[in-house]
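Some notes on the structure that comes next.
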Amino acid sequence: MTITTATAPPGRTVPGPVATPLERLRAGREFGPNVYSTIDVLWVLHDRILRITPTTVDDPERDRFLLSKGHAVAGYYAVLAAKGFVPANWLDDQGGPDSRLGDHPDRLLVPGVEIGSGSLGHGLGLGVGTALGLRAQGLGDPRVYVLLGDAELDEGSNHEAIAYAGATGLANLTAIVVDNRSASHGWPGGAASRFTVNGWTAATVDGRDHDALHTALTGHDQHRPHVVVAVVTDGEQP
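Encoded structure:
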């Protein structure tokens, strides 16, 4: 269930535990749909799905989360702070000259961050490589989760990653597409069809519904890569 808080603009919601760190990070600035459309998915992943804690960020058996949609980093930082990966006082100078919290995440500076992301379209390919690396090491339990925006699917690199993952049966890979209607093109039948045509399993759910997200994110069949399309339209348009 999503808790509506006073810190979010009208029509937008923030999971309760994330409200205080997000407001501290915001510090009077205005966040856009890129942040508010992803924050519920980020919270469900870190609170209910990912097998990683602040003490296991280097454990080979941990799950990996890759934020391809790097410009949505404010919500990511707030979630990491709420879960104890970063100190709350780091939130006070996000983007500052001496801050570890840049305008895009940096894996060398922020505990819990797996990749540095900026240019859109790279995260899923990196996720495929990570999943292959885990397979090559005989690590069968860790899963790789990649969060990307619907507009990122306009990038050809993602089409290659989708096709390759399906063809090689990367069953330890889950992609999450946050669909807030920002893509230029779109696909007949919805974004999930771009994956299922290449052999992925798929679920399309309300991106605000935490229980539906949890069910979808745990709905992989252990034989094929899996995608969850989280549709978020309320409060996202100007």
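The letter at position 152 of the sequence shown is residue 199 when you use my numbering, and the numbering goes up by one with no holes. In this text, a Cβ means the ideal position worked out from N, Cα and C, and glycines have one as well.
Can you grab the Cα-Cα spacing for the pair residue i / residue j, in whole Å?
i: W234; j: A250; result: 15 Å
i: I86; j: Y211; result: 29 Å
i: A239; j: A230; result: 13 Å
i: A202; j: Q184; result: Strictly speaking, residue 202 in this sequence is Glu, with Ala absent from that position. Each residue's Cα considered, the two are about 30 Å apart.
i: A208; j: V133; result: 31 Å
i: T51; j: V65; result: Here the model assigns T51 a pLDDT of 33, short of 50, so the residue's position is not dependable and the matter cannot be decided.
i: H273; j: E70; result: 33 Å
i: S146; j: W137; result: 7 Å
i: R228; j: G170; result: 20 Å
i: T67; j: A74; result: 11 Å
i: G246; j: H270; result: 10 Å
Look at residue i and residue j and say whether their C-beta atoms are less than 8 Å apart.
i: R177; j: R111; result: Just to set this straight, residue 177 is Thr in the shown sequence, not Arg. Yes, they are a contact pair.
i: V104; j: P152; result: no
i: V193; j: A222; result: yes
i: L156; j: V126; result: no
i: V275; j: L264; result: yes
i: V279; j: R241; result: no
i: R109; j: P189; result: yes
i: V225; j: G196; result: yes
i: H257; j: V91; result: yes
i: V175; j: L220; result: yes
i: V191; j: L113; result: yes
Relative to the C-alpha of residue i, which residue among the options is closest?
i: K130; options: R109, H118 and P158; result: P158
i: E199; options: G63, T100 and G117; result: G117
i: T248; options: D268, A135 and W137; result: D268
i: Y83; options: Y123, I96 and D106; result: Y123
i: S164; options: P101, L72 and S115; result: S115
i: L181; options: D106, T262 and G63; result: D106
i: G168; options: G213, T102, H232 and N205; result: N205
Among all the DSSP beta bridges, which residues are the ones paired with residue i?
i: A249; result: V274
i: R301; result: Outside the displayed span of the chain (48 to 285) sits residue 301, for which this structure offers no information.
Going by DSSP in three states, residue i sits in which element: helix, strand or coil?
i: V225; result: strand
i: G180; result: helix
i: G216; result: coil
i: G196; result: strand
i: V157; result: coil
i: A208; result: helix
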